[in-house]
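J.: Just passing along the structure, written as C-alpha cells.
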Amino acid sequence: MKKVILVVSQEEIEKAEKYFKNVISVGEIIALRELKAIGINNPEEVISKLMEMGVIEKGEGCYNLVRKRSE
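Numbered by numbering that gives the first Met the number 0, the letters in the sequence shown go through residues 0 to 70 in order.
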C-alpha cells in the first residue's frame, strides 16, 4: 500500500482562514462545497491543517472559528 502525501499551499490555507473568519461557523458539507468553489483543490486537507494550527475546531457536524488562540 502506497502512502499519499498531499501538499497544502500557503495560499489555500490563507483563503480558507479568511473564509472561516467570515462565516465563523458552518456545516461540514457546506464548508467543503464552498471551499472548493473558492478554488481550494483539497478542502479536507486544508481543514485538517487549520485544525492543527488551532484556527478552527470541529463541532457536531460543523466547523467553528476558534475565537482565542493560544500562540
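C-beta: ideal position from N, C-alpha, C; glycine also.
#1: Are the CB atoms of residue 26 and residue 61 within a distance shorter than 8 Å?
#2: Would residue 48 and residue 23 qualify as a contact pair, given that the criterion is a beta-carbon distance under 8 Å?
#3: Could you give the first and the last residue of the continuous alpha helix (DSSP H) run that contains residue 21?
#4: Could you name the residues that DSSP lists as bridge partners for residue 63?
#5: Give every residue of the same chain whose Cβ lies closer than 7 Å to the Cβ of residue 34, excluding the five residues on either side of it in the sequence, and list them in chain order.
T.: Reading from the atomic positions:
#1: Contact annotation: residue 61 and residue 26 have beta-carbon atoms nearer than 8 Å.
#2: If you check the CB distance, residue 48 and residue 23 do not come in under 8 Å.
#3: First-last of the alpha helix (DSSP H) with residue 21: 9 to 22.
#4: BP columns for residue 63 point to 24 and 56.
#5: Taking C-beta separations shorter than 7 Å and ignoring five residues to either side along the sequence, the partners of residue 34 in its chain run 15, 18, 42 and 45, following chain order.
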